[in-house]
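Undergrad:
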Amino acid sequence: MLLEESPSMEGNLQALTGIKGWIILGVGMALWGCATSEDVRILDKDFSTVHENTRRLESRLSVMQKEDDALKKELSNLRNDQKGIEKEVAALRTNHSAELKKVDADLLLRIENLQSEMKILSTSIEEYKDYLRKPSKEISRVKEDVAVRTRILEERVKAFEDKSRLLEERGRTFEEKNRVLEDRTRFQEEKLKEAGDRFKRLEEKMTELVSKLRELEKPPLAKETPVETKPAPTGTGVGDLYKDAYETFQRGNLEDSRRKFEAFLKQYPNTELSDNAQFWIGETYYLKKDFEKAILEYEKAIAKYPEGDKISAALFKQALSFLELGDKANARNLLKRVIDRYPHSEQAEMAKKRLETIK
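Numbers given in the numbering used here equal positions in the sequence shown, counted from 1, plus 5.
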């Protein structure tokens with residue numbers, strides 16, 4: 006019984022990647038927002054707990070991944086061994102069949118020869134009886150001839166018996182080899198079944214760990230989303246409109262919050278909160294995994310508000326979006342730009358760590 010590799014392993018790893026994105030989002034939002042000192046203290050404590058739990062789970066997942074790789078390698082070796090055994094069994098059966106056919110043909114030929122010799126001997130005996138009535142010299146010659154023919158016939162019978170005995174021994178050898186190969190095949194099948202059971206148990210454990218990690222790392226928006234503390238600009242309704250959009254984002258209603266932020270920018274394109282509103286629009290796309298649109302919206306925050314306090318965050322999130330799209334070159338360049346232009350920012354520290362993971 007051969008096992009097929011399960012595709013759920015790759016799905017689990019992709020799930021981990023998505024979960025890590027949630028953690029980065031929660032941390033980033035906690036860092037980029039301007040929270041009160043008490044909120045920062047609470048968030049730091051929660052993040053430390055989540056980070057420690059995540060580190061332990063990832064360590065366990067790494068160990069199980071190594072076991073999974075070793076098990077796959079063992080399964081591959083078992084399959085190769087079984088294929089070799091099957092080929093050897095097929096070759097032995099083919100050779101055995103050919104040998105038996107050859108033996109049968111040889112036996113038939115020898116039987117025919119023996120029958121012919123028996124006929125000759127029978128004829129000679131009849132001739133011998135006829136010559137018994139002839140002079141003594143003729144009788145002696147016939148006796149000698151019969152003796153020679155009898156000796157030749159006995160030698161041929163003996164050779165035939167030796168050949169038959171040899172073929173019987175070879176047949177027993179083939180049967181013994183077949184039994185050994187059958188035992189090896191059964192042993193391989195048992196090992197394959199055992200490996201399959203181990204693989205299934207490992208996969209169930211990994212699925213359970215991924216589920217626990219997802220529950221642990223799932224960002225509760227109401228707690229982990231930073232609260233904006235930037236003072237609202239003077240003007241009737243500016244602060245209330247922005248606050249409504251931001252609270253909608255905190256509740257996880259991404260589509261409504263994006264529409265409210267866009268309405269805010271349309272009405273107040275150049276207030277102290279406009280750069281933040283543009284950044285949060287990019288975040289709604291990032292959380293929806295629409296990374297291309299997220300990159301464009303982050304770029305608007307960078308280009309329209311070059312003096313805003315969200316530039317380093319927008320550059321860092323652009324880099325993460327490019328990584329999600331598989332563009333490591335652009336991601337690497339953006340991370341270096343964060344480090345060079347904003348060396349004392351929180352995003353610069355995160356960018357250094359992220360650069361070390363990009364191969």
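Where a beta carbon is used, it is the ideal one built from N, C-alpha and C, also for glycine.
If you're wondering where the values come from, they're calculated on a predicted model, not measured in any experiment.
Which ranges does the alpha helix (DSSP H) cover as unbroken runs of at least 4 residues, wholly within the stretch 324-355, from first to last along the chain?
TA: 333-346
Undergrad: Below 7 Å CB to CB, which residues in the same chain sit around ARG46 once its five sequence neighbours on both sides are set aside?
TA: none
Undergrad: Indicate whether the contact test is met: 3 or more Cβ pairs, each with one atom in the stretch 159-171 and one in the stretch 59-79, closer than 8 Å.
TA: no
Undergrad: Let me check understanding here. Comparing Cα to Cα, which of LEU278, ALA282 and ASN258 lies closest to PHE266?
TA: ALA282
Undergrad: Within 10 angstroms of the Cβ of SER279, are there 16 or more other Cβ atoms? Answer buried if so, exposed if not.
TA: buried
Undergrad: Does the beta carbon of ASP111 sit closer than 8 Å to a beta carbon anywhere in chain B?
TA: Any reference to chain B falls outside this structure, which holds one protein chain only.
Undergrad: Tell whether a beta-carbon distance below 8 Å holds between PHE254 and SER262.
TA: yes
Undergrad: What did DSSP end up calling ILE363 once you bin it into helix, strand or coil?
TA: coil
Undergrad: Skipping 5 residues on each side, what residues in its chain have a beta carbon closer than 7 Å to that of SER145?
TA: none
Undergrad: In terms of residues, what are the limits of the alpha helix (DSSP H) holding ARG264?
TA: 259-272
Undergrad: According to the Cβ coordinates, are ALA356 and VAL343 closer than 8 Å?
TA: yes
Undergrad: Would you give the residue range spanned by the alpha helix (DSSP H) that THR289 belongs to?
TA: 279-292
Undergrad: Hey, out of LEU259, ALA318 and PRO311, whose CA is closest to GLU290's CA?
TA: As written in the sequence, residue 290 is Tyr, which differs from the Glu given in the question. Out of LEU259, ALA318 and PRO311, LEU259 has the C-alpha closest to the C-alpha of TYR290.
Undergrad: According to DSSP, is THR190 part of a helix, a strand, or is it coil?
TA: helix
Undergrad: If you reduce the DSSP assignment to three classes, tell me which class GLY201 lands in.
TA: helix
Undergrad: Check whether the stretch 115-131 and the stretch 91-104 touch, using three or more Cβ-Cβ pairs below 8 Å as the test.
TA: Taking one beta carbon from each stretch, the stretch 115-131 and the stretch 91-104 have fewer than 3 pairs nearer than 8 Å; the two do not touch.
Undergrad: Which residue wins for smallest C-alpha separation from LYS78, given the options SER121, ARG115, GLY201 and LYS358?
TA: GLY201
Undergrad: Taking the alpha helix (DSSP H) that ASP249 belongs to, which residues open and close that run?
TA: 243-255
Undergrad: Just how far apart, CA to CA, sit GLU72 and LEU197?
TA: 16 Å
Undergrad: Compute the Euclidean distance between the alpha carbons of GLU166 and ALA75, then round it to the nearest angstrom.
TA: Taking the straight line joining both Cα atoms gives about 56 Å.
Undergrad: Do you know whose CA, among LYS293, ALA299, GLY176 and PHE284, lies nearest LYS309's CA?
TA: PHE284
Undergrad: Using DSSP with H/G/I as helix, E/B as strand and the rest coil, what is ALA35?
TA: Confidence at ALA35 is low in this model, with a pLDDT of 45, below 50, so the placement of that residue should be treated as unreliable; the coordinate-derived value is given next. Three-state result, ALA35: helix.
Undergrad: Can you give the beta carbon distance from GLU122 to ARG161, rounded, assuming they're within the 8 Å contact cut?
TA: 7 Å
Undergrad: If we call anything under 8 Å between Cβ atoms a contact, is GLU405 one with GLY313?
TA: Residue 405 is absent from the structure shown; the chain starts at 6 and stops at 364.
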